[in-house]
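Student: Here you go, one structure.
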């Protein structure tokens with residue numbers, strides 16, 4: 022079945038860039054997503070990219086997609102302490118557009 | 092746009108009891124999803140409605156679980172004869188015309204003692 026994998030932890034210093042990586046296996050994925058989850062909260066949609074694109078930029082966020090390698094990354098520029106959270110990569114396919122999520126990357130921003 | 096609303100936020104129950112959760116999607120969103128998230132994991136898809144029709148169910152949704160969306164607006168998820176393994180965060184999401192954007196609620200945290 023479909024699988025989405027992410028590294029579990031990332032620490033960066035405030036003001037640096039963060040890069041969170043994700044790989045997926047489903048070649049029929051239509052959209053790929055990044056969600057943010059803070060403790061005790063639901064998931065906040067940060068950004069998403071259609072599978073025929075290779076890059077999308079939205080303010081401090083840049084998504085890169087390498088469809089050949091099935092690799093997705095999220096770059097956060099000028100990372101702030103408020104960016105500390107768990108970041109989930111997800112892919113969707115099929116008519117229902119249900120999402121398959123990775124296990125999440127815990128981003129810690131150090132002052 | 093008030094966002095996806097879920098009730099209750101927390102539920103503690105004893106093993107064997109039945110529980111019911113409610114989800115109010117974003118107004119006019121025709122698609123509604125239920126997911127389950129256990130500690131340290133990403134959410135897993137449970138089931139999906141388009142309007143009032145339940146169109147897809149995951150194998151995770153055992154026969155103790157039932158979901159309804161009777162008028163195509165709010166939805167309920169019922170778990171009968173709860174087991175300790177049912178302890179998890181139950182998340183609801185909805186999407187509208189832009190079907191690719193799923194918006195999640197804050198979830199219901201279920202603890203089965």
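Protein chains in written order, with this note's numbering: chain G, 22 to 132; chain U, 92 to 204.
Glycine included, each C-beta is placed from N, C-alpha and C at the ideal position.
Kindly provide the ranges of any alpha helix (DSSP H) runs that are 4 or more residues long and lie completely inside the region 30-99 of chain G, ordered along the chain.
Tutor: none
Student: Answer yes or no: do residue 106 (chain U) and residue 204 (chain U) have a C-beta to C-beta separation smaller than 8 Å?
Tutor: Stepping through the second chain from its first residue, residue 106 (chain U) is reached at position 15. Stepping through the second chain from its first residue, residue 204 (chain U) is reached at position 113. Cβ distance < 8 Å, so residue 106 (chain U) and residue 204 (chain U) count as in contact.
Student: I need the boundaries of the beta strand (DSSP E) containing residue 164 (chain U), first residue and last residue.
Tutor: Here residue 164 (chain U) is taken as the residue at index 73 of the second chain, counted from 1. Neither: residue 164 (chain U) is in no beta strand (DSSP E) and is coded neither H nor E.
Student: First and last residue of the beta strand (DSSP E) that includes residue 160 (chain U)?
Tutor: Looking up residue 160 (chain U) in the second chain gives position 69. Where residue 160 (chain U) is concerned, there is no enclosing beta strand (DSSP E), given that its DSSP letter is neither H nor E.
Student: Pull up the DSSP beta-bridge partners for residue 121 (chain G), would you.
Tutor: Position 100 of the first chain, counted from the start, is the residue given in the question as residue 121 (chain G). The secondary-structure analysis by DSSP pairs residue 121 (chain G) across a beta bridge with G:112.
Student: Taking contact to mean at least 3 C-beta pairs separated by less than 8 Å, is the region 182-193 of chain U in contact with the region 113-128 of chain U?
Tutor: yes
Student: Keeping to the same chain, check which residues put their C-beta closer than 6 Å to that of residue 34 (chain G); ignore five residues upstream and five downstream.
Tutor: Counted from its first residue, the first chain places residue 34 (chain G) at position 13. Excluding sequence neighbours, residue 34 (chain G) sits near 131.
Student: Taking the C-alpha atoms as reference points, what is the distance between residue 73 (chain G) and residue 31 (chain G)?
Tutor: Position 52 of the first chain, counted from the first residue, corresponds to residue 73 (chain G). Position 10 of the first chain, counted from the first residue, corresponds to residue 31 (chain G). Spanning the two alpha carbons is a distance of roughly 28 Å.
Student: Cβ of residue 119 (chain G) less than 8 Å from any chain U Cβ?
Tutor: In the first chain, residue 119 (chain G) corresponds to position 98, counting from 1. Closer than 8 Å: yes.
Student: Assuming residue 185 (chain U) is part of the beta strand (DSSP E), what are its boundary residues?
Tutor: Residue numbering aside, residue 185 (chain U) sits at position 94 when the second chain is read from its first letter. Annotation for residue 185 (chain U): the continuous beta strand (DSSP E) segment containing it runs 179-186.
Student: For a contact meaning CB atoms closer than 7 Å, what does residue 30 (chain G) contact in chain U?
Tutor: Mapped onto the first chain, residue 30 (chain G) falls at position 9. Within 7 Å Cβ-Cβ: nothing; residue 30 (chain G) doesn't reach chain U, min ~12 Å.
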